[in-house]
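Protein chains in written order, with my numbering: chain A, 212 to 478; chain B, 132 to 390. By construction, the Cβ of each residue, glycine as well, lies at the ideal position given by its N, Cα and C atoms. Remember, it's a predicted structure, so these values are computed and weren't measured experimentally. Take a look at the structure below.
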């Protein structure tokens with residue numbers, strides 16, 4: 212059965228990590244062992260080397276997207292891309308979206324350069340609607356205060372953006388990625404164009420039951436982010452809880468329904 | 132054989148979690164192939180006297196040999212010596228102490244006294260670095276996470292003391308392991324539940340640098356789903372002999388110690 216990881220990352224030579232190639236290779240190798248058919252990935256600029264990870268300069272955004280395009284060309288049957296943008300540079304962001312979607316990327320990645328409910332994100336939302344691609348938005352589950360290094364958003368703020376752009380599928384990033392996921396589940400329950408990716412290092416008891424109760428299997432997406440082991444664990448757990456069409460939706464059908472038609476071959 | 136050194140019965144006070152009963156624990160063990168669990172009492176971690184959860188642990192262990200009790204001891208309470216004696220009598224594989232949960236200085240005099248008492252009885256002490264990700268803790272859940280310096284201090288408190296530390300990540304483990312002598316490190320055992328797998332490959336790195344002898348299987352269930360620790364092992368490309376060390380041999384050795 213097909214498996215799509217909707218929240219993957221790769222590194223690049225300019226990332227400032229000596230082990231960047233090893234990490235990329237490990238993701239592909241262990242993804243194969245888990246059975247991941249498609250890694251839908253992003254590269255967040257220079258990952259902090261030349262500009263901050265969550266506030267990447269336009270030059271770093273472009274370089275990161277270029278690196279991802281190269282990886283996509285090297286692994287045509289395994290890697291798909293999100294074009295990463297910094298919405299503080301509107302013209303550059305819209306230019307990158309056009310450039311990278313035209314070259315085969317299938318979604319937009321917004322991290323934490325600007326709060327999700329800020330009007331500055333609206334041009335990107337409109338472009339996503341026009342191009343019929345989803346937006347994966349980095350989320351701090353229940354942000355009770357400012358956190359260093361990022362202008363993080365929580366699910367309430369994402370829901371505000373999603374409500375202004377009802378035709379765009381938004382992916383709430385890494386439910387297990389830190390913060391109070393219960394708060395997020397309440398926030399997005401009634402917002403039908405917000406999907407939840409299950410990635411993140413968190414493997415809390417009760418989280419998957421809560422996610423199923425809040426939005427059902429029709430709005431859950433398999434994902435790993437930085438830890439394939441936790442993604443696989445949550446999938447294994449879910450496969451004991453739901454079956455048939457429900458688990459197919461989490462594994463890949465929901466993803467196939469929100470990304471452009473044909474993005475994953477004959478889907 | 133697979134032994135989970137880091138399992139709980141009881142309730143978590145800060146969010147609702149399914150399970151918490153001995154029956155629920157057994158169901159989870161069966162689901163993921165765990166043969167034996169070393170069981171702590173989750174609720175009592177937050178009680179003024181955490182030893183009040185110990186009778187329930189002894190009771191379930193008496194009726195189910197797959198569940199071994201890890202009673203709690205509070206070094207600031209006058210009964211700590213009797214608690215250790217009782218643990219030896221009931222063949223507990225370890226005794227847990229969570230000083231930051233109890234409001235006790237983790238490197239203070241009472242912890243040193245407990246360390247000497249446990250060492251003299253051949254009882255390992257078990258400590259958790261944390262139970263939940265610090266970014267999601269309830270606003271009223273204010274106990275500090277255990278610090279690496281506290282573990283370094285404790286392992287030096289008595290040359291016979293053995294420790295099992297749960298919920299530690301790579302950085303924590305490295306700060307203790309490389310900040311200790313080989314003789315001190317040889318008395319430490321780390322559970323794998325909080326160590327990242329691929330693609331960061333922290334667990335693979337630690338097994339290669341620190342050694343398979345220093346790790347054991349633990350899950351943290353039901354606060355965490357046990358599938359995660361199994362997945363880490365299944366993704367870890369190590370020889371079967373090393374996997375056996377992590378899955379059960381090291382835990383058995385640590386529990387046996389000098390007893």
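Close CB contacts of residue 269/A within its chain, under the 6 Å cut and outside five residues either way in sequence, are with 300, 303 (chain order). The beta-carbon of residue 357/A is placed no less than 8 Å from the nearest beta-carbon of chain B. Per DSSP, residue 319/B is one residue of the beta strand (DSSP E) stretching across 319–322. With a contact defined as Cβ atoms closer than 8 Å, residue 379/A and residue 345/A qualify at about 7 Å.
Between residue 348/B and residue 134/B, the C-beta spacing is below 8 Å. Taking a C-beta cut-off of 8 Å against chain B, the contacting residues of the segment 434–453 of chain A are 437, 438, 439, 440, 441, 443, 444, 445, 447, 448, 451, listed in chain order. Residue state for residue 329/B is assigned as coil, using DSSP reduced to three classes. With distances taken between CA atoms, residue 304/B lies nearest to 337/B out of 158/B, 337/B, 253/B. A straight-line Cα-Cα distance of about 6 Å links residue 408/A and residue 433/A.
In the three-state reduction of the DSSP assignment, residue 256/A falls in the coil class. DSSP, reduced to helix, strand and coil, places residue 353/A outside both helices and strands of the structure shown, so it counts as coil. Residues of chain B with a Cβ closer than 9 Å to the Cβ of residue 241/A are, in chain order, 328, 329, 330, 332, 366. Residue 471/A and residue 343/A do touch by the CB rule: their CB atoms are close to 6 Å apart, below 8 Å.
For residue 353/B, the C-beta contacts it makes with chain A under 7 Å involve 416, in order along the chain.
Within the segment 339–368 of chain B, no run of beta strand (DSSP E) reaches 3 residues while sitting entirely inside it. Scanning the segment 288–356 of chain A from its first residue to its last, the whole alpha helix (DSSP H) runs of 4-plus residues come out as 301–313, 333–342. The continuous alpha helix (DSSP H) containing residue 399/A extends over residues 392–399. Contact between the segment 384–398 of chain A and the segment 415–429 of chain A is established, with three or more Cβ pairs separated by less than 8 Å. Under the Cβ criterion (8 Å, minimum of three pairs), the segment 307–315 of chain B does not count as touching the segment 260–270 of chain B.
The three-state reading of DSSP puts residue 194/B in helix, counting H, G and I together.
In this structure, DSSP gives residue 206/B a state outside helix and strand, which the three-state scheme calls coil.
Residues of the segment 232–264 of chain B whose Cβ lies closer than 7 Å to any Cβ of chain A, in chain order: 264. Here residue 374/B has 364 as same chain residues with Cβ atoms under 7 Å from its own Cβ, once five neighbours each way along the sequence are excluded. For the segment 370–400 of chain A, the residues whose beta carbon sits under 8 Å from a beta carbon of chain B are, in order, 389, 390, 391, 392, 393. Non-local beta-carbon contacts of residue 142/B in its own chain, meaning distances under 6 Å to residues more than five positions away in sequence, involve 151, 174 in chain order.
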